[in-house]
Each structure stands twice: as structure tokens, then as C-alpha cells.
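Note that the protein sequences, when read in sequence, are chains A and B. With numbering that gives the first Met the number 0 as the guide, the letters of the first sequence map in order to residues 0 to 458. With numbering that gives the first Met the number 0 as the guide, the letters of the second sequence map in order to residues 0 to 477. C-beta: ideal position from N, C-alpha, C; glycine also. Presented below is the structure to which this report refers.
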Amino acid sequence: MYPIIILSLAGILSMFIGAYKLKKLALPAVLVATLAAFVSNFLPQNLHDAPVYSGMLKFDSFAVNFSAVLMGVTLVILILSRRYYRDNHEHLGDIYALFLFSVVGGMIMVGSYNLVMFFVGLEILSIPLYILATSERNNLLSNEAGLKYFLMGSFITVFLLLGMVLMYGMSGSFDFGAISAYLSNTPETPALVKLGVMLIMIAFIFKISAAPFHFWAPDVYQGSPAVIMVFMATVAKTAAFGGFLRFLTQAIAPIGDSFTPLLAVLSALTMTIGNLMALNQNNLKRLLAFSSIANAGYVMLALVGLGTNSSSTVLYYMLVYSIANVIAIAVYLTVKESLGSGSIDGLKGLYQSKPLLTFCLVLSMLSLAGIPPLAGFIGKYAVFVDALHNGYAWLVVLAALNSAIGIFYYFRVMRTAFQGAAEGPVTVPYVLGYSAVLVICTLVLLVLGIFPNVVLNGW
Amino acid sequence: MLTTLLLFIPILGGLLLTLIPGTSTTRWQALLLSLVAAALSVYMASSFVPTGGVQFEAQSEWLPMLGIGYHVGADGISMVMLLLTNLLSPLIFLSTFKENHDHQGLFYGLMLIMQGAMTGVFVAQDLFLYYIFWELALIPAYFLVLLWGSGQHRKTAMKFFIYTLVGSLLMLVAIIFLSQQWSPASFDISNVYKVSLSPEAETFVLLSFMLAYAIKIPVFPFHTWQPDTYTQAPTAGTMLLSGIMLKMGLYSIIRWVLPIAPNALQQHAPWMIWLIVIGIAYASVIAIQQKDLKRLFAYSSIAHVGLIAAGILTVSTEGLTGSMLQMFAHGVNAIGLFYVCAILMERTQTNEIAQLGGIRNIAPWFATTYFVVLLGSVALPLTNGFPGEFMLLSSLFKQNWGWSLVAGSGVILGAVYMFKSYQGVMLGETKVSAFPDLDIWDKAVLVPIVIAIVLMGLFPDIITRIAQPSIEQLLQSL
Numbered sequence: 000m001y002p003i004i005i006l007s008l009a010g011i012l013s014m015f016i017g018a019y020k021l022k023k024l025a026l027p028a029v030l031v032a033t034l035a036a037f038v039s040n041f042l043p044q045n046l047h048d049a050p051v052y053s054g055m056l057k058f059d060s061f062a063v064n065f066s067a068v069l070m071g072v073t074l075v076i077l078i079l080s081r082r083y084y085r086d087n088h089e090h091l092g093d094i095y096a097l098f099l100f101s102v103v104g105g106m107i108m109v110g111s112y113n114l115v116m117f118f119v120g121l122e123i124l125s126i127p128l129y130i131l132a133t134s135e136r137n138n139l140l141s142n143e144a145g146l147k148y149f150l151m152g153s154f155i156t157v158f159l160l161l162g163m164v165l166m167y168g169m170s171g172s173f174d175f176g177a178i179s180a181y182l183s184n185t186p187e188t189p190a191l192v193k194l195g196v197m198l199i200m201i202a203f204i205f206k207i208s209a210a211p212f213h214f215w216a217p218d219v220y221q222g223s224p225a226v227i228m229v230f231m232a233t234v235a236k237t238a239a240f241g242g243f244l245r246f247l248t249q250a251i252a253p254i255g256d257s258f259t260p261l262l263a264v265l266s267a268l269t270m271t272i273g274n275l276m277a278l279n280q281n282n283l284k285r286l287l288a289f290s291s292i293a294n295a296g297y298v299m300l301a302l303v304g305l306g307t308n309s310s311s312t313v314l315y316y317m318l319v320y321s322i323a324n325v326i327a328i329a330v331y332l333t334v335k336e337s338l339g340s341g342s343i344d345g346l347k348g349l350y351q352s353k354p355l356l357t358f359c360l361v362l363s364m365l366s367l368a369g370i371p372p373l374a375g376f377i378g379k380y381a382v383f384v385d386a387l388h389n390g391y392a393w394l395v396v397l398a399a400l401n402s403a404i405g406i407f408y409y410f411r412v413m414r415t416a417f418q419g420a421a422e423g424p425v426t427v428p429y430v431l432g433y434s435a436v437l438v439i440c441t442l443v444l445l446v447l448g449i450f451p452n453v454v455l456n457g458w
Numbered sequence: 000m001l002t003t004l005l006l007f008i009p010i011l012g013g014l015l016l017t018l019i020p021g022t023s024t025t026r027w028q029a030l031l032l033s034l035v036a037a038a039l040s041v042y043m044a045s046s047f048v049p050t051g052g053v054q055f056e057a058q059s060e061w062l063p064m065l066g067i068g069y070h071v072g073a074d075g076i077s078m079v080m081l082l083l084t085n086l087l088s089p090l091i092f093l094s095t096f097k098e099n100h101d102h103q104g105l106f107y108g109l110m111l112i113m114q115g116a117m118t119g120v121f122v123a124q125d126l127f128l129y130y131i132f133w134e135l136a137l138i139p140a141y142f143l144v145l146l147w148g149s150g151q152h153r154k155t156a157m158k159f160f161i162y163t164l165v166g167s168l169l170m171l172v173a174i175i176f177l178s179q180q181w182s183p184a185s186f187d188i189s190n191v192y193k194v195s196l197s198p199e200a201e202t203f204v205l206l207s208f209m210l211a212y213a214i215k216i217p218v219f220p221f222h223t224w225q226p227d228t229y230t231q232a233p234t235a236g237t238m239l240l241s242g243i244m245l246k247m248g249l250y251s252i253i254r255w256v257l258p259i260a261p262n263a264l265q266q267h268a269p270w271m272i273w274l275i276v277i278g279i280a281y282a283s284v285i286a287i288q289q290k291d292l293k294r295l296f297a298y299s300s301i302a303h304v305g306l307i308a309a310g311i312l313t314v315s316t317e318g319l320t321g322s323m324l325q326m327f328a329h330g331v332n333a334i335g336l337f338y339v340c341a342i343l344m345e346r347t348q349t350n351e352i353a354q355l356g357g358i359r360n361i362a363p364w365f366a367t368t369y370f371v372v373l374l375g376s377v378a379l380p381l382t383n384g385f386p387g388e389f390m391l392l393s394s395l396f397k398q399n400w401g402w403s404l405v406a407g408s409g410v411i412l413g414a415v416y417m418f419k420s421y422q423g424v425m426l427g428e429t430k431v432s433a434f435p436d437l438d439i440w441d442k443a444v445l446v447p448i449v450i451a452i453v454l455m456g457l458f459p460d461i462i463t464r465i466a467q468p469s470i471e472q473l474l475q476s477l
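Here it is, written out as C-alpha cells:
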């Protein structure tokens, strides 16, 4: 709970920065706060196995580990955002505040032990994102993205609320423990409870942009500013997975198995649609959007094979996937600055001018494609094992074939970087901190691939 | 410890080379690293005691939770492959010295990583570790074709990668499936060998593994990626692919498929061998039609390795021993043949047989070495191709004379297209204007190959002595 407090305060303070014209201070202050929150997250006092605050939140190791990933990825995105917002954005303080609030929402989601808190967390996560998506005010696409995301998001919220109400109506409580107790004492699950879970699942599926509620993702991702896009694709998704996993394992564990077939079908649909649609994309952000849909499908394999290892599998997968995405977007940003084009062809000539950046891009793409010894491979392996453990051989074979399809577009990005550019190599202004962060991220991908037990240890 | 060194000297050295920009000394650094690995492997082979067991073992915990350990070591079968990989690699490096590639650091770095990864495939004593090296070897190969290939190499590189990856992924599914069968979870070879499967499960594992290997080797009808890739890859890439990498597939059949799914193999081997021997004849017939020398050698490679695969699937001492001999011989010959292509390309800018001719008259060194490599390739007695091919055909004959008839016809056709191509390129009227004879670099590559061809033809015992005990032990344990 310390990180939630620290980051909420930091967010509020950050909003005053605009008023006092301290823009130069904004980023360092926010970074220090995030770092402090990250460290405080690991304090032993932060870890409670019993619910706190009248049973609203529970900071067990699950919540702590997910929070760590959420904050870690945010930290990297914030560092990279310096370059993006260096043109003295008007509302810098507000933008950073919204980032922080959104992370707080995510942490509340993964720490929630009550459906109300789950809902509050989801909204705190989402509302800043609606605003951030439109933060490039002069760009029509950005406005469209924000509006689309907002309309769809608030529409889906209704389903979530209805689902919660049904659960409450039947079980008489919002508390995860009470719901779980009710379900295990009820031999035959009432249809309304099942309906309620389904409706909550719809909200979840929307948030992770899985089929059949994935239509918003490509437009929103493409239209939003790149830094926001990668935040949505990584932090928001990780939080959604964490929150839903928590709901599955703590609230409806007794009847969780009955939704496995549905999840399996959705997972199959999601990864196939994502991969097939990504094949022909030329805009890198749009391609990453479809890739993130496909990856959501892979992670759902872990939910299909829900077991003791699932939490660490999902966390590991999302961490690795997030880092790879951050690297890709960071490389994209440097290219976009110099060429002003969001198309993959803008990467041409990258190898000649920036071999190191190309190296990072290649490793991130190899990781997304799931090639050993990179971390993405172990992530895929772990979700495959989970699903096969539950007897879903057809799904795993389908996922394996899907991985092969993924090669087509990930490798297309990669090999474009090696092509010679028609108008001479791209020259990108060199910023030391930026490259250092990228190299560190890339190393993390390698190290996590060779020593996955740092994260993947089944806590 | 030695095995670990042998593995990581090339891989780490290669990584380093890819990161630093290439200079004029990069090629020497790469050659030095690969020579160190070669010297290590020779030392290991000379101190290898020919018994059945695994030697030079190194074992440590890696990911105990997933049951994955770091376990490497070499028995006789692995040792032969180690020698093949690490002795041929320096020659392949040498063969590139005259060419001027862009991004030298990346080029030589990738080749070194590939050398290390292939070594890893041959020494891994842990199924998961093996799979990681198996895939790791593929990435440099893809980049070699992509960045330094010719013609439609971008498309070809993709086709090659996707083709082999689909096979590997299905193998991965089978590996995960296997891992569900044992407890406690451990991918260690001792544990993998002990697993007992139901007949259906065994068939599933067999087919998944064999598909991956059939694509990698490649055998008919999964060979369609191979001719394009071999033709369009840079020469060094073709050499690595045909000389060493495809042996990963053949070796893996011996190492993993035979012990894991012996009963299913017994049941399914007949139709598989039929398919393969038909593929041998088919590839030979196509090779006769080829107008491009490099493409011709690519098809001849399908025929040759098909015979090796068929011999392995007979699961007999003779077949396996023959396959070890022939794997080594094919590696040496393939490098020789593709280097011949490279020399022709460098001096005449073409590999079209019709545009060449009469080179023998003006380049005697080249003519002689080419001829020796050719003789090895058509398996003339006293060359390296003969003992292996003889044993393979004989192992086929003992089980079904029909197989050896079809496969044997492929071998005869092999002599036809090889000599025909030699005739077209080297004999007759001189069509090329000028053709400098072999220079010192060419001799540095071809002379060791010629020596190896003759030496192995006279003393096949060098190879069989190392491999025989392990093969016998393996067959007894089935």
C-alpha cells in the first residue's frame, strides 16, 4: 500500500508543477517518486497476507509482484518520455500526474480483495488513459483515439457493473473471500452467478483487447501518442491480467474450471485474429497493436491452464512482453523524429547509422517472436506448459502455429532495419540516457531468457 | 569443463564480434577463435576413450523449477559430430577471406555463434538445452541468408526460417507433452530415455520429432526450401547449412528419436524409408536437369543425406555406423563442392554449366582438386564417400531389397550428373577467357579437404573407432 500512497501524493503534487512553472523539475521529481514507490513496494511492512482497510485490499506477494512490474515498466516509459515531451509541452505536470494515477489504479486492481475496489481500480486506471490518449491535441487521430477509447470503455463499464450487481445479488457480498465461500457452499452454481462472471469477463476481455472485443485497439493504439500507446499496451494490460487473475483465483476459484472452455476458444480466436491481421500492417504502431492482441491470446493460455504456477507465468510473460514493446516503441520514436513517418519503412537504414539501436530492436523482435534464448521464448514455453497441463493439446498446437505466423511480421520489422535507405542513412540525435535505458532493457530480456527463475519461480 | 569451453568460446566471441564494428583484423580474430575450438575438439577426440559412455561431462543446476539443467558431454556419436563441426568451421572461415563482406563484425560474429550453437546441439545431454541450441543455430543462419545472400534472398530467408521453425515448434509441443509424462520434472537425458509412452503417444512424439528433422535435413517431400536457400545464401552460409547444420537433424534422430520412440519407429519406419528412397531417386533425376552448378549440388545433397536418413531408420549397427561415416564425408565433400562453385563464381561470375568449359586446360590445380572432391562425392572406393555409402546401402538391402534398389539407382544417377557437370565445366572447348589457377587461399581450403577425402577413404576406422561402441550401446538399450 506504500506505493499507492506515494504515487498518489506524487501525482497530486505533480499537478501543481504547472501552476508554479517548474516544468524542468517535473520529470526528475516524478522519477524519484516512482523509484521510491518501487523500493517501498519491497519493504517487508508492505507485505500482508491478510486483507487490509476493511478487507478492501490485500497486499500479498501476488499484488506486490504485479505492482513491481507495473511500476518498473512505468519507470522506463517515463524515462523514455523525456525525449517525447522535450518540446516543452504545455501541461507536462498534468500528463505525468495522469501517468501516476493510472499506475495507482492498476495497483489497486491487482491488490483488490473486493469487487468494488476492483471496479474503482479499473476506473482509476482507465480515466487517465482516456485523457492521455487525446493529449496530442492538435492531432486529429489522437482526438479520435481518445474519444473511441472513452466511448467503448465507458460502455463496457456498464457490463462490469451489471456483472458485479448480479454477483452481489446472489452471494450477498462484494468481498472476494465471501463470494468464494458462498460458491463453495453452493453445490449447483446459479445461472445468474455464471452470467455475472461472464459480464465481468467481458470487461476484462475488452481491457486486454482480446477477441471479440478487440476492435478498438488498432485505432486507439495508432492514434495515441507513442508513449501513451506503449503504456496502454503494457502497464494497462498487465494490470487487467493481474486483476482478472486475482478475481479468478480468489473470488470464483470454486467454479473457475467451468469457464476454461470459453477462455480456450477466446484465446484461440484472439491469437489467430491478432496474428493474421498483423501480417499486412505497415504502420508500426498498428502492427504492435495487433501483436499485442495476439500476445493477449497467448497469455490467456495461462488462464486456460490455471494452476499454482499461473500467476508467475502471467507476470513473467507480461514483463517480458512489456519490455520488448517498450524497446520497439523507443526505437520507433527515434526514427519517427527524423523521418516523421510512422511506417515501418522509416526503419530503413537504421543499421548503418545506429547499429546499437538495431541490435536492441532485433533482440526485442526475436523475443516477441519467441525465439530462444530470449525471454519471450521461456514465456511462451511456460504458457504452453500450463495449457497442455490442463489437457488443451489442440490449443497449444494452434498457438505453436500462430507463433510461426508471428515470425512473418516481427521479422519484417527486423529486416527492414537492415535495408539500405534510399535517401541515405537516418541520422538520429544521440542521447546517452536514452540509449543506456534501451541497452539495459535489452540486457534484461537476455538475462531473463537465460535465468527466468528470477521471476518465474512459482511464488 | 572442456565441453563448456568448446561451447562458449565461439558463442561469446561471436557475440562480441557482432557488437564491435568490423575492421580488417576481424576475420583473423574469428579464424583464431574457431581454430581454438578446433584444437580443443581435436584434443578431446585424441583423449577420448572409445567406450560407450558419455565423457567430458559437465553438469550443473540451471532452472530446477522447470526441470531444466545444464548438462553437456560427448559420447562417441557426439564426438564425431563435434569433430565435424569444429574442424570444418575454420575451413569455412578461410573460404570467405577473399570476399569482401559488408559489416564484417556481424558476418563473422554470426558464423561463430552458429558454430557454437551447432556444437551445443551435439553435446547437449538435456532435452531442453538441446532445443535451445537447436533454435539458436537457426537465427544466425537466417541473417546470413538475409544480409549477404543474392537474388531473391529476402524471400528465401523467410521461407527457410518459417519452414524450419514450424517443424521446431511442433517438436517443442512434443517436448512439452513428454515433460508431462514424467515426474519429478527433469529434461535430463537419463530421465528422457526412461520415459515409457502409450503407443498413440509414442506415435505422436515420433511424428512431431521426425517432421522437425525431415524439414531440417531435408528429406523428400519437405525439401522445397533447400535448393533456393543453398543457391542464394552466401557461400559460407551454404557451407554451414549443408556441411554441418543439416547433420543436426540426422544426429537428432539417433540421439532422441531412437531411444524415445523405438516401437513407434519400428512400426512407421517402412513407409518413411520408402518415402526417403523415392526422394533420393527423385532428387537425382532433378539434379540431372539442372543448368546451374550450385543448384545441382543442392539437389545432390538431398539425395546424399536422404540415404543417410534411410540408413539411420533401419536401426541397425551397420546403418548407424555407415551414417556416421557418411555424415562426416558429406560434410567434407559439400564444403569442397560449394567452394568449387564459389571459385567459379568469383572468376567467371557465373555458375551456369553451359557457359563454362575447358577450364581443366588452363587451371590444373583446380581441375585436380575438383576431381578428387567429385570422386569422394560419387563414392568411389578409396575415397571418403565409399565406406559409408556401402554400409548404408547394405543395411537397406538386408531389410528390404526394394529400398536398396531404388536408393542404389539414385547413387548411380549421382555418378551420372556429377561427371556430366564436370564434363560441362572442365572439359571440352575452353569458353572462358581467363581463369587464374588456385591461389594460396584457395589451396588453404581445398588441400585439407582433399587430404581428408583420401585419408578417410583409406582409414574409415578413424571415425568408426570413436562411434562404434556408443552405437552398439545405444542399440542394445532399445
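(request) Answer yes or no: do B:T368 and B:K293 have a C-beta to C-beta separation smaller than 7 Å? (result) no
(message) Buried or exposed, going by whether 16 or more other CB atoms sit within 10 Å of the CB of B:P386?
(response) buried
(request) Could I get the ranges of all uninterrupted beta strand (DSSP E) runs contained in the region 219–300 of chain B, with 3 residues as the minimum, in chain order? (result) none
(request) Quick one: give me the first and last residue of the beta strand (DSSP E) that A:A239 is part of. (result) Premise fails: A:A239 lies in the alpha helix (DSSP H), K236 to R245, not in any beta strand (DSSP E).
(message) So, with DSSP's three-state summary, where would you put A:N324?
(response) helix
(request) Could you work out which residues of chain A lie near B:M64, taking near to mean beta carbons separated by less than 8 Å? (result) N452, L455, N456 and G457
(message) Under DSSP, the beta strand (DSSP E) around B:I67 begins and ends at which residues?
(response) I67 to A73
(request) Mind checking the region 213–247 of chain B against chain A and listing, in chain order, the residues whose C-beta falls within less than 9 Å of any C-beta there? (result) none
(message) My output table needs one value for B:T94: the three-state DSSP class, helix, strand or coil.
(response) For the record, residue 94 of chain B in the displayed sequence is Ser; it is not Thr. Three-state result, B:S94: helix.
(message) Can you tell me whether B:Q54 is helix, strand or coil according to DSSP?
(response) strand
(request) Quick one: grab the DSSP three-state call for A:A113. (result) For the record, residue 113 of chain A in the displayed sequence is Asn; it is not Ala. Reduced to three states, the DSSP call for A:N113 is strand.
(request) Would you mind working out which of B:L474, B:A44, B:T228 and B:S182 sits nearest B:F159, comparing C-alpha positions? (result) B:T228
(request) Kindly give me the distance between the Cβ atoms of B:M326 and B:L373, rounded to whole angstroms, as I take these residues to be in contact under 8 Å. (result) Actually they do not touch by this definition, with Cβ atoms about 19 Å apart.
(request) Output the distance between the C-alpha atoms of B:L65 and A:A18, rounded to the nearest integer angstrom. (result) 54 Å
(message) Between the alpha carbons of B:S88 and B:M323, how many angstroms are there, rounded?
(response) 18 Å
(request) Per DSSP, which residues does A:V51 bridge with? Please list them. (result) A:L56
(message) Using only the alpha-carbon positions, how far apart do A:G195 and A:L165 sit?
(response) 5 Å
(request) Compare the Cα-Cα distances from A:A416 to each of A:G448, A:L362, A:Y84 and A:G375 and report the closest residue. (result) A:L362
(message) Using beta carbons (cut-off 7 Å, strictly below), is B:V144 in contact with chain A?
(response) no
(request) Drop a sphere of 10 angstroms on the beta-carbon of B:N99, count the other beta-carbons inside from all chains shown, and report buried for 16 or more, exposed for fewer. (result) exposed
(message) Strictly under 7 Å for the Cβ-Cβ distance: is A:F417 near chain C by that measure?
(response) Of the chains in the structure shown, none is chain C; the protein chains are A and B.
(request) Could you tell me whether the Cβ of A:V395 comes closer than 7 Å to any Cβ of chain B? (result) yes
(request) Taking C-beta pairs closer than 7 Å, name the residues in chain A that B:R153 reaches, listed in chain order. (result) R414
(request) Tell me, to the nearest whole angstrom, how far the beta carbon of A:F240 is from that of A:M317; I am working on the premise that it is less than 8 Å. (result) 6 Å
(message) Please give me, in chain order, every unbroken run of the alpha helix (DSSP H) with length at least 4 that falls completely inside the region 375–419 of chain A.
(response) 392–417
(request) Please name the residues in the region 166–182 of chain B whose beta-carbon is closer than 8 Å to at least one beta-carbon of chain A, in chain order. (result) L168, L169, L171, V172, I175, F176, S178 and Q179
(request) Work out the CA separation of B:L39 and A:A277 for me, nearest whole Å. (result) 47 Å
(message) With H, G and I counted as helix, E and B as strand and the rest as coil, what does DSSP make of B:A406?
(response) helix
(message) Measuring alpha carbon to alpha carbon, tell me which residue in B:G115, B:I301 and B:A44 is nearest B:G75.
(response) B:A44
(message) Between which residues of its own chain and B:N190 is the CB-CB distance below 7 Å, once the five residues before and five after are set aside?
(response) W181
(message) Would you say B:E112 lies against chain A (beta-carbon separation less than 7 Å)?
(response) A small fix is needed here, since residue 112 of chain B is Ile in this sequence, not Glu. False, the Cβ-Cβ gap to chain A never drops below 7 Å.
(message) If contacts are defined as beta-carbon pairs under 8 Å, then A:S179 and A:A250 qualify, I think. What distance do you get, rounded to the angstrom?
(response) 6 Å
(request) Throw me the rounded Cβ distance for the B:A478 and B:F219 pair, which I believe falls under 8 Å. (result) Nothing about residue 478 of chain B can be read from this structure; chain B reaches only from 0 to 477.
(message) Quick test of your reading: A:K347 and A:Y297, contact by CB under 8 Å. State the CB separation rounded to the nearest angstrom.
(response) Wrong, their Cβ atoms sit about 30 Å apart, outside the cutoff.
(message) Counting only Cβ-Cβ distances shorter than 9 Å, please list the residues of the region 111–138 of chain B near chain A, keeping chain order.
(response) F127, Y130, I131, F132, W133, E134, L135, L137 and I138
(message) Between A:S310, A:I326, A:V436 and A:I155, which has its C-alpha nearest A:S125's C-alpha?
(response) A:I155
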